[in-house]
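Student: Chains as they are written, first to last, in this note's numbering: chain A, 1 to 319; chain B, 1001 to 1319; chain C, 2001 to 2324; chain D, 3001 to 3324.
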Amino acid sequence: MTKSKEKMIQMYMTMYRIRQFESKLQEFFADGKIPGFVHLYLGEEAVASGTCAALRKDDYITSTHRGHGHVIAKGGDLKMMMAEIFGKSTGYCKGKGGSMHIADASLGILGANGIVGGGGPIAAGAGMAIQYRGEDGVVVCFFGDGASNQGTTQEALNLASAWELPVVFVNENNGYGISCPTSKSMAITDIADRAAGYDMPGVIVDGNDVIAVNEAVSAAVERARKGGGPSLIECKTYRWRGHFEGDACTYREKSELDEWVKKDPLPRFSKKLLDDGILSKKELEKLHAKIDTELQEAIAFAEESPLPEPADIFEDVYA
Amino acid sequence: MTKSKEKMIQMYMTMYRIRQFESKLQEFFADGKIPGFVHLYLGEEAVASGTCAALRKDDYITSTHRGHGHVIAKGGDLKMMMAEIFGKSTGYCKGKGGSMHIADASLGILGANGIVGGGGPIAAGAGMAIQYRGEDGVVVCFFGDGASNQGTTQEALNLASAWELPVVFVNENNGYGISCPTSKSMAITDIADRAAGYDMPGVIVDGNDVIAVNEAVSAAVERARKGGGPSLIECKTYRWRGHFEGDACTYREKSELDEWVKKDPLPRFSKKLLDDGILSKKELEKLHAKIDTELQEAIAFAEESPLPEPADIFEDVYA
Amino acid sequence: MAQKTYMQAINDALREEMERDSNVLIFGEDVGQFGGCFGVTKGLFEQFGEKRVRDTPITESAIIGAATGAAAAGLRPVCELMFVDFIGVSMDQLFNQAAKMHYMFGGKISIPMVVRAPQGAGIGAAAQHSQSLEAWFMHIPGLKVVLPATPADAYGLLLTAIRDDNPVVFLEHKLLYGVEGEVPEDAGPIPFGQANICREGTDVTIVAFSKMVYSALEAAETLAGKGISVEVIDLRTVTPLDIDTILNSVKKTHSLVVAHEAVKVAGVGAEIAAQVAESAIDYLDAPIMRVGAPFTPVPFSPPLEEAFTPGAEEIVAAVLKIRS
Amino acid sequence: MAQKTYMQAINDALREEMERDSNVLIFGEDVGQFGGCFGVTKGLFEQFGEKRVRDTPITESAIIGAATGAAAAGLRPVCELMFVDFIGVSMDQLFNQAAKMHYMFGGKISIPMVVRAPQGAGIGAAAQHSQSLEAWFMHIPGLKVVLPATPADAYGLLLTAIRDDNPVVFLEHKLLYGVEGEVPEDAGPIPFGQANICREGTDVTIVAFSKMVYSALEAAETLAGKGISVEVIDLRTVTPLDIDTILNSVKKTHSLVVAHEAVKVAGVGAEIAAQVAESAIDYLDAPIMRVGAPFTPVPFSPPLEEAFTPGAEEIVAAVLKIRS
Ligand SMILES: Cc1ncc(C[n+]2csc(CCOP(=O)(O)OP(=O)(O)O)c2C)c(N)n1
Ligand SMILES: Cc1ncc(C[n+]2csc(CCOP(=O)(O)OP(=O)(O)O)c2C)c(N)n1
Ligand SMILES: [Mg+2]
Ligand SMILES: [Mg+2]
């Protein structure tokens, strides 16, 4: 199998992994099994998958409150993710962080982030470290349409461009910041239009087309690796669920959702894989089954893992 | 005399008033007469003058650390300004604010500001009040090239554009934020390029040409008064002095300054007034003399005014 | 007397002030049709329209700054921080601008505005969505800082906050939104700086505010069972601080416990302890105890969050310690 | 022994750490060729070049955030806030990101970084350029907070700060930059959390830090003339806090005055007073006194600023009050 075919399959698997993981969380939340806020990535899988498929293991990402997809796509361990979201001591953060704060230094994941726009400056800093050491790594900063207005994001765009840092800003424009449509939070339609204000390329892609995302991000990543500086890539997409689980989404039309569900990135891509003969139906089912098993194992691991002990609160305040 | 001629003379007088005021402060600072930081506006007079000549008394401005020019141009009282800068109880702020915090509500001056980028959100808020009351007032937000990168400025640009607030953002691009040239603090050359990211007009003008400034700002003000929303006007200019008095300016070439001194906005404009027959030499001298007297009176007032009493610190903490 | 929730009381205060004074308007993230992240502004958008109940972009500096500018220009804005934790991106507009303008400008410009924000742990929202930050605000001259515990206080103090000519930080506790209580029909504004003695007692004074008032009352009940008579004082506002009520109580009970949910170190409890240690040390028969969160960020997992969050148990322990 | 200024000591510590460890780098506004607003980084740009001593845009969130990200990625950044007052536009990156990452991520990522910032009044810089904000930082678990008073401490504590694996807030007092003092040739790092007894005494304990240490020593001298023997403790760091040294001293002197330049209300002095009132009240013969700035923004005009700024006189008055 050619490298590109392998990559296609990987990208699909990642999307499917996210889809299944998030669908399970949706269930678990409804069943009252998960504490706290859960922001699901359902419908946006192609963005994380296409983006992270353009990255190496040693590249960095900064993520958001809606971070599960990013972490999975960057190679995050489902067991430790699930355990963390369940608040178990075996989780990524020993139960201290939860859904909004999963990180994995060994995979360059500098953390999901509960602060909208919080990741931008941190991404610039990681980019600075790469540049300082003369390495060819890259940082991807995921941020939402809502986050694009936050001052911190704009400062990060400016710093990255002024210093030509190897940062790729991947905007997930899903049309809303909680209930607020982009038409109310900004005067422009395309966030990519902000790129010119930082003299960086600004590209718009169909965020539900994993190949389009991957191609755009790959180009930006190559550019950054060669010292060409940052880029901004706007991925137009949509979140299927409410902002967080529990949000009844009264602020948007059901028909709008329906339109976007028709653009579901998964069948769209699996169809292509089948049509192009990259995978047979059987192979596809086998892959699904493999991931489903992996997920079952992660759930079992999380369920069986112990909760942290109260005294653990005092650990890890200082290094 | 036609209205436009009168306005021309007014604009010249404002520039001259600023020039003389600041020159005096330069002296006073050198003589150790002024406490604290003093950021002079010398060389940039055309920006404040041209801008405020486009405003009504009931329009608002937010100013910066380099605020004397703005305050004078908006009609600020020289006596109270000078007294404030001297730290006297008769000053605009009773000696509590000093150079960086002069305000005059009756003239719509919502304050000089010691925080770079601090004025943007406040300007948006004043614009919101105007819009809320259905009035046709306007707010001018002065901000520097350095301030243009600050997140608060960018949030203000976004809010003003998303809500179509009557705010005119007047950028004073004098090439430096303290020692840092714009070529190092941002990847772009023209700050006006940021306007497109907020779907507002972005205009570049020669900031040493008071008529050009006035025309550009007037157009933006008219637009805003009619509900057309905000604009960004970038005025290219230069500060003659160090960032603050005492700064030896080792970071820039003397020749650069020399070039800009050649573009001194005052003789340039007075020559035009003379050439066009708007003023005679004699009239000009008379105007100068009038302002010089006004300034002498302000200085005398400041010098003769009492310092505040120590117990005054407890006043004005709460309304 | 009407029985209503803390959330409804806030909602009512907002509505009534908006009806009374057309200069009052509300803005913040998702406060419009959505009704706010916790539902506090529900129905106001429908009643007053977008002009007066307006969704903002996710830019807290612009939100607080816009309130400041609008207040300087004559309105009485009430803006919402979705979580108090977001003050970190917007503190400058609050503490260097809104809080200081009146002073810096020699008393010539006033900034009548309210920043509402929910505080507190207890919903598994982890380190960046669960803090209690009143001590920061208390340290800033120019701000007033309000922390109502009951629906009646939330109502009456919010009226006062909106009518005040200064920037007021109005801190609501997320876990109190559903709490019910009596709000008198003819309730008016409640003045700032008047603590409420919620329970009289003779042996120990417990000073609390916000959610911790309930823990203090619960602790008092437990302690009554052990023969210890506890006086519970609800501060209601920490700026201005009603130190007289505290001192008078301490002079009677000769011992003091201050309780809050915020991290104990450098919290409001320290200020109160320090004032009492300066002004009434001779009346004290026992160490001044503070109950507050441990010196850690707020953890996510329920048993950890539970261990983090101080409550009645910790107050009882503190009282027993000084009575032993 | 070398005699050098506080500023030179800081500059030396930076230089030596940069020579020792190539992961150390500096950035901030005008820290490069300009040498920093107060001149603290002078000469470092010339020695290490722009790669390691870098001017940033005027975007403090990006500065602190970039330090956080660079630290997470393995460097040891030392960034500068030109004035501590600017923390208002950048607090989130410090308190919600840098300070909490280690905890939120279960101890798996460390953030070794230093934020240097000058504090304090005394140069006529008015309300937005003269504050002392250590109480805010002390309230945040995950931060360490350092306030050196002498050149030797500035040097030794900065070495420790740079080598520490946590975010450290290193607060310099503007008026100390020119102060000279001995810095031993072989001086090494000074551990955090070890207060310095600058003057031994038996009648009263004065706890201070930063510039106020000098006022405390001056007050001690004055009081010695009145027959009162004062022990002066310089805390050096407020997180970690060396409470043992304070308690031991109080057990000896039976009285305590805490002095700092920050606004007294909800300042660090409150925390110290509270801890002593909890742990050593039985040893106290007198009220615990605090000396701090009044509850006002910092005014501009020299007589006002002078009235605002606490010093030896206020400390003497506090001591005399409890000794009368
Ligand atoms: C500084 C800050 N402000 C507000 C919030 C509350 N909040 C959490 S997610 C969110 C919406 C974010 O919108 P967007 O960036 O478009 O991301 P999306 O949720 O659509 O993925 C808001 C307002 C926050 N967490 N942090
Ligand atoms: C938030 C903040 N950061 C830094 C400073 C320090 N400072 C004061 S003026 C200035 C430069 C501002 O540059 P610019 O906006 O271009 O205005 P100019 O001085 O050139 O008029 C800086 C860095 C400040 N006052 N506030
Ligand atoms: Mg979105
Ligand atoms: Mg400039």
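Heads up, the beta-carbon is just placed ideally off N, CA and C, and yes, glycines get one too. Fair warning: this is a prediction, and the values are worked out from it, not measured in the lab.
How about leucine 2217/C and isoleucine 2190/C: do their beta carbons lie closer than 8 Å?
Tutor: Taking the first residue of the third sequence as position 1, residue 2217/C is located at position 217. Taking the first residue of the third sequence as position 1, residue 2190/C is located at position 190. No; because the gap between Cβ atoms is not below 8 Å, this pair is not in contact.
Student: Looking at threonine 51/A and valine 140/A, is the spacing between their C-beta atoms short of 8 Å?
Tutor: Numbered from 1 along the first sequence, position 140 holds the residue referred to as residue 140/A. Numbered from 1 along the first sequence, position 51 holds the residue referred to as residue 51/A. Yes, these two residues count as a Cβ contact at 8 Å.
Student: From the beta carbon of asparagine 1173/B, is the nearest beta carbon of chain A less than 8 Å away?
Tutor: Start at 1 with the first residue of the second sequence, and residue 1173/B comes out as number 173. Cβ-Cβ to chain A under 8 Å: no for asparagine 1173/B.
Student: I'd like to confirm something about alanine 3082/D: is its beta-carbon nearer than 7 Å to some heavy atom of ligand 2, or not?
Tutor: The residue labelled residue 3082/D in the question sits at position 82 within the fourth sequence. According to the sequence displayed, residue 3082/D carries methionine and not alanine. Indeed, a heavy atom of ligand 2 lies less than 7 Å from the Cβ.
Student: Does any CB atom of chain A fall closer than 8 Å to the CB of lysine 3252/D?
Tutor: The residue given as residue 3252/D occupies position 252 in the fourth sequence. Lysine 3252/D does not count as touching chain A.
Student: What three-state label does DSSP hand glutamate 1172/B in the structure shown?
Tutor: On the second sequence, residue 1172/B is found 172 positions in, with the first residue counted as 1. Correct three-state label for glutamate 1172/B: strand.
Student: The beta strand (DSSP E) with tyrosine 1060/B in it runs from where to where?
Tutor: As a first step, residue 1060/B is located in the second sequence; it is residue number 60 there, counting from the start. Note, tyrosine 1060/B: beta strand (DSSP E), 1060-1062.
Student: Give me the Cβ distance between isoleucine 3063/D and phenylalanine 3027/D, rounded to the nearest whole Å; I'm assuming they're in contact under 8 Å.
Tutor: Reading the fourth sequence from its first residue, position 63 is the one you call residue 3063/D. Reading the fourth sequence from its first residue, position 27 is the one you call residue 3027/D. Isoleucine 3063/D to phenylalanine 3027/D, Cβ: 7 Å. Contact.
Student: Could you say if the stretch 2139-2149 of chain C and the stretch 2236-2245 of chain C meet the contact criterion of at least three C-beta pairs nearer than 8 Å?
Tutor: Yes, the stretch 2139-2149 of chain C is in contact with the stretch 2236-2245 of chain C.
Student: Helix, strand or coil for threonine 2005/C? Go by DSSP, reduced to three states.
Tutor: Indexing the third sequence from 1 puts residue 2005/C at position 5. Strand at threonine 2005/C.
Student: Give a single yes or no on whether isoleucine 115/A has its beta carbon closer than 7 Å to a heavy atom of ligand 1.
Tutor: Counted from its first residue, the first sequence places residue 115/A at position 115. Yes - ligand 1 has a heavy atom lying nearer than 7 Å to the Cβ of isoleucine 115/A.
Student: Given this structure, state the Cα-to-Cα distance separating aspartate 2164/C from arginine 2076/C, to the nearest angstrom.
Tutor: For this step, residue 2164/C is matched to residue 164 along the third sequence. For this step, residue 2076/C is matched to residue 76 along the third sequence. Each residue's Cα considered, the two are about 9 Å apart.
Student: Flag aspartate 353/A as yes if its beta-carbon sits less than 8 Å from any beta-carbon of chain D, otherwise no.
Tutor: The shown model of chain A, from 1 to 319, leaves out residue 353/A, and the question about it has no answer.
Student: Which of helix, strand or coil does DSSP assign to serine 338/A?
Tutor: With chain A represented from 1 up to 319, any question about residue 338/A goes unanswered, as that position is not in the structure.
Student: Could you check whether the stretch 3261-3277 of chain D touches the stretch 3205-3214 of chain D, counting it as contact only if at least three pairs of C-beta atoms, one from each stretch, sit closer than 8 Å?
Tutor: In short, these stretches touch, since the Cβ pair count reaches three.
Student: For a contact meaning CB atoms closer than 7 Å, what does glutamine 1154/B contact in chain A?
Tutor: The residue given as residue 1154/B occupies position 154 in the second sequence. Ordered by position in chain A, the residues that pass the 7 Å Cβ test against glutamine 1154/B are Gly151, Gln154.
Student: Could you work out which residue in Lys2252/C, Val2204/C, Asn2011/C, Leu2247/C is closest to valine 2232/C when comparing CA atoms only?
Tutor: Taking the first residue of the third sequence as position 1, residue 2232/C is located at position 232. It is Val2204/C whose Cα lies nearest to the Cα of valine 2232/C.
Student: Are the CB atoms of leucine 2014/C and valine 2089/C within a distance shorter than 8 Å?
Tutor: If you number the third sequence from 1, residue 2089/C lands on position 89. If you number the third sequence from 1, residue 2014/C lands on position 14. No, the Cβ-Cβ distance between valine 2089/C and leucine 2014/C is not below 8 Å.
Student: Name, please, each residue of chain D whose Cβ falls closer than 7 Å to the Cβ of aspartate 2092/C.
Tutor: Along the third sequence, one-based indexing puts residue 2092/C at 92. Simply Gly3088, Val3089.
Student: Out of curiosity, what's the CA-to-CA distance linking isoleucine 34/A and glutamine 296/A?
Tutor: Residue 34/A sits at position 34 when you count from the first residue of the first sequence. Residue 296/A sits at position 296 when you count from the first residue of the first sequence. Looking at the two C-alpha atoms, the distance is approximately 16 Å.
Student: Please tell me whether arginine 194/A has its Cβ less than 8 Å away from any Cβ of chain B.
Tutor: Locating residue 194/A in the first sequence gives position 194, counting from the first residue. By this cut-off, arginine 194/A is an interface position.
Student: Using a beta-carbon distance below 8 Å, is leucine 1159/B in contact with chain C?
Tutor: As a working mapping, residue 1159/B is identified with position 159 in the second sequence. Interface residue, yes.
Student: Residues in the stretch 3046-3058 of chain D with C-beta within 7 Å of chain B's C-beta atoms, listed in sequence order?
Tutor: Answer set for the stretch 3046-3058 of chain D: Asp3055, Pro3057, Ile3058.
Student: For lysine 1079/B and chain C, any beta-carbon pair shorter than 8 Å?
Tutor: Position 79 of the second sequence, counted from the start, is the residue given in the question as residue 1079/B. So, not an interface residue.
Student: Cβ closer than 7 Å: which chain B residues qualify as neighbours of serine 185/A?
Tutor: Start at 1 with the first residue of the first sequence, and residue 185/A comes out as number 185. Going along chain B in sequence order, the residues near serine 185/A (Cβ under 7 Å) are Ala1162.
Student: Rounding to the nearest angstrom, what Cα-Cα distance links glutamate 1256/B and glycine 1207/B in this structure?
Tutor: In the second sequence, the residue the question calls residue 1256/B occupies position 256. In the second sequence, the residue the question calls residue 1207/B occupies position 207. One C-alpha to the other measures close to 16 Å.
Student: Give a yes or no on contact between the stretch 154-162 of chain A and the stretch 76-96 of chain A, applying the rule of three or more CB pairs nearer than 8 Å.
Tutor: Verdict: no, contact absent.
Student: For isoleucine 3109/D, I'd like the list of residues in its chain whose CB is within less than 7 Å of its CB, leaving aside the five on either flank, ordered along the chain.
Tutor: In the fourth sequence, counting from the first residue as 1, residue 3109/D sits at position 109. Once the five neighbours on either side are set aside, the close Cβ partners of isoleucine 3109/D are Ala3072, Met3101, His3102.
Student: In chain order, what residues place their C-beta within less than 6 Å of a heavy atom belonging to ligand 3?
Tutor: Checking every Cβ against the heavy atoms of ligand 3 under 6 Å gives Gly144/A, Asp145/A, Gly146/A, Asn174/A, Tyr176/A, Gly177/A.
Student: For glycine 2193/C, tell me which candidate among Asp2244/C, Gly2032/C, Phe2048/C has the shortest Cα-Cα distance.
Tutor: Walking along the third sequence from the start, residue 2193/C turns up at place 193. Of the candidates Asp2244/C, Gly2032/C, Phe2048/C, the one whose C-alpha sits nearest the C-alpha of glycine 2193/C is Asp2244/C.
Student: Determine, for glutamine 3119/D, whether the minimum Cβ-Cβ distance to residues of chain B falls below 8 Å.
Tutor: As a first step, residue 3119/D must be located in the fourth sequence, where it is residue number 119. For glutamine 3119/D, the answer is no, since every Cβ of chain B falls outside 8 Å of its Cβ.
Student: CA-CA distance, glutamate 1294/B and serine 1049/B?
Tutor: Walking along the second sequence from the start, residue 1294/B turns up at place 294. Walking along the second sequence from the start, residue 1049/B turns up at place 49. One C-alpha to the other measures close to 18 Å.
Student: Just the Cα atoms here: how many angstroms apart are alanine 1112/B and glycine 1043/B?
Tutor: Along the second sequence, one-based indexing puts residue 1112/B at 112. Along the second sequence, one-based indexing puts residue 1043/B at 43. Between alanine 1112/B and glycine 1043/B, the C-alpha separation is close to 19 Å.
Student: Relative to the C-alpha of glutamate 2134/C, which residue among Phe2083/C, Val2183/C, Ala2126/C, Asn2248/C is closest?
Tutor: As a first step, residue 2134/C must be located in the third sequence, where it is residue number 134. Per the Cα distances, Phe2083/C.
Student: Are three or more beta carbon pairs between the stretch 1063-1071 of chain B and the stretch 1099-1117 of chain B nearer than 8 Å?
Tutor: Yes, the stretch 1063-1071 of chain B touches the stretch 1099-1117 of chain B.
Student: Looking at chain C, which residues of the stretch 288-318 of chain A have a Cβ within less than 8 Å of any of its Cβ atoms?
Tutor: Result list: Leu307, Pro308, Glu309, Pro310, Ala311, Asp312, Ile313, Phe314, Val317.
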